[in-house]
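**Student:**
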Amino acid sequence: MERLKIAIQKSGRLLEDSLGLLHDCSIKVDNGRDQLRAQAKNFPLDVLYLRNSDIPQYVQDGVADVGIVGENLLVETGCQLDKILSLGFAKCRLSVAVPKGQSFTGIGDLLGKKIATSYPNTLRQYLKKNAVEAEIHVISGSVEIAPAIGLADAICDLVSSGNTLFQNNLVEKEVVLRSEAVLVASPQISTTKKNILDQLVFRMESVLKAQNNKYILLNAPNDQLEEIIAILPGMKSPTVLPLAMSGWSSVHTVIQEDKFWEIIHELKAKGAQGILVVPIQKMII
Ligand code: PRP
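Numbered per the working numbering, the sequence shown spans residues 853 to 1137.
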C-alpha cells in the first residue's frame, strides 16, 4: 500500500512542534534523534528527518511528497511547491538590523553599505524592489556578530523573540518578510497519496482549530441567562442545563481563547460564577 512521505526538520526550532502536531493528530512516530526515517505505526505516513535547508528541494524533486518548513526558506530557495496549510508555529520575521545608535531613516540608508545575511536571494529581491544598491555578504550562521567584527554595516536575519539582536547590540529596522511553519506539497503527487494528504490535512486542521479555542463552562443565575448567552460567542448555540440548585443553570460553549479574556469581566458583572476554561483536543466543525 502506498504511503505518504513527509519531510521534517532533523534538528532545530521546527522539530519539536512538527512532531507535536503529528502526535496531536494521533499519528505515532518515533523521534528521529538517531534515525533518518521512521514509519508511523497507525497511519500510512513515513517521516524523513532532513536538514532544514534541504527540505524544499527534496519536496520539489519528489524525494518527499510533503514537508513542514518555514515560509522564509520557501521564498529563499524559490522552490515551486503548493502551500497547503499554515501551521501557526515557528513565527518569525526576516529583518534588517543595524548597530544600536547608528542613524537609520529608511531602507535607502543602506545604499552602498555591506549587509551580512544567510538569505541573499530574499534580501536581493527586497533591495531591488526598493531600488537600493548594496553589497550582500553571505554568511551561513552567527550573522548577528558581523557588524561587531567589522564584516558588515548591517545584517538581515531571522528575528523571533529579538533576544539575539539585543545581545549583539543591534536594532531591528525593516521587516523584509514574515514567516511561520507551513505544510507544503509537491505539485505532482499521485491520487492515492493525495487522498492520504487530505486525511492528514483534515486532522491537522481540527488540531489547529482546537488550539485556538477553549471549552467554557459557567454557572449563571436564570434571571441573567439571556444576557449572559448574548455575550458568549459560540460554535452554534450554547448548551444550557439546569443545576440541582433552583434558579441556576450551567452554560457550556466554545470560544476563541483571546475573546474569552475580552468578555470575562462582562460575564462576572452579569453574575456568572464558577467559570471553567478547558482545553480542546480536536475540533471538527
Ligand atoms: C535563529 C536566527 C537568529 C535567532 C533569532 O537562529 O538565525 O540568530 O534564531 O531568534 P531570537 O530573536 O529569538 O533570538 P537559530 O537559533 O534558529 O539557529 P540558526 O543559527 O541555525 O539559524
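All C-beta atoms, glycine included, are put in the ideal place defined by N, C-alpha and C. What you are looking at is a predicted structure, and each value in this text was computed from that prediction instead of being measured.
Is it right to say D1050 is buried, meaning 16 or more other beta carbons lie within 10 angstroms of its own, or is it exposed?
**Tutor:** Exposed, because fewer than 16 other Cβ atoms sit within 10 Å of the Cβ of D1050.
**Student:** Inspect the CB distances between the segment 953–960 and the segment 874–894 and report whether three or more fall short of 8 angstroms.
**Tutor:** No contact exists between the segment 953–960 and the segment 874–894.
**Student:** So, D934 versus Q1133, is the Cβ gap smaller than 9 angstroms?
**Tutor:** Contact: no.
**Student:** Hey, could you find the ends of the alpha helix (DSSP H) A1082 is sitting in?
**Tutor:** 1077–1083 is the extent of the alpha helix (DSSP H) around A1082.
**Student:** Give the DSSP-derived three-state secondary structure of L963 in the structure shown.
**Tutor:** In this structure, L963 counts as coil in the three-state DSSP scheme.
**Student:** Which stretch, first to last residue, makes up the beta strand (DSSP E) that contains N1071?
**Tutor:** N1071 -> beta strand (DSSP E) spans 1065–1073.
**Student:** Using a 10 Å radius around the Cβ and a threshold of 16 neighbouring Cβ atoms, would you call V1027 buried or exposed?
**Tutor:** Classification of V1027: exposed, given that the 10 Å Cβ count is below 16.
**Student:** Given E1118, which residues of its chain have a CB within under 6 angstroms of its CB, disregarding the five upstream and five downstream residues?
**Tutor:** Excluding sequence neighbours, E1118 sits near I1083.
**Student:** Would you kindly check if the distance between the Cβ of A968 and the Cβ of V995 is under 9 angstroms?
**Tutor:** Taking 9 angstroms as the Cβ cut-off, V995 and A968 qualify as a contacting pair.
**Student:** Should the segment 1007–1016 be called in touch with the segment 938–958, which here means at least 3 C-beta pairs below 8 angstroms?
**Tutor:** Touching, yes, given that three or more Cβ pairs across the two stretches are closer than 8 angstroms.
**Student:** How should G1126 be labelled, buried or exposed, when 16 other C-beta atoms within 10 angstroms of its C-beta is the threshold for buried?
**Tutor:** G1126 comes out exposed.
**Student:** With G872 as the anchor, note down where its beta strand (DSSP E) starts and where it stops.
**Tutor:** Segment 867–876 is the alpha helix (DSSP H) holding G872; no beta strand (DSSP E) there.
**Student:** Once you ignore the five residues that flank I1041 on each side, which residues in its own chain have a CB closer than 6 angstroms to its CB?
**Tutor:** Answer for I1041: D917, listed in chain order.
**Student:** Does the beta carbon of R865 fall short of 8 angstroms from some heavy atom of ligand 2?
**Tutor:** Ligand 2 is absent from the structure shown, which contains only ligand 1.
**Student:** Short check: CB of L1035 to CB of I1137, under 9 angstroms?
**Tutor:** For L1035 and I1137, no; Cβs fall outside 9 angstroms.
**Student:** Could you pull out every residue in the same chain whose Cβ sits closer than 6 angstroms to the Cβ of T1091, ignoring the five residues on either side in sequence?
**Tutor:** Same-chain partners within the cutoff: H1104.
**Student:** CB-CB under 6 angstroms to I1107, same chain, minus the five flanking residues each way: which ones, in chain order?
**Tutor:** I1068, P1085, listed in sequence order.
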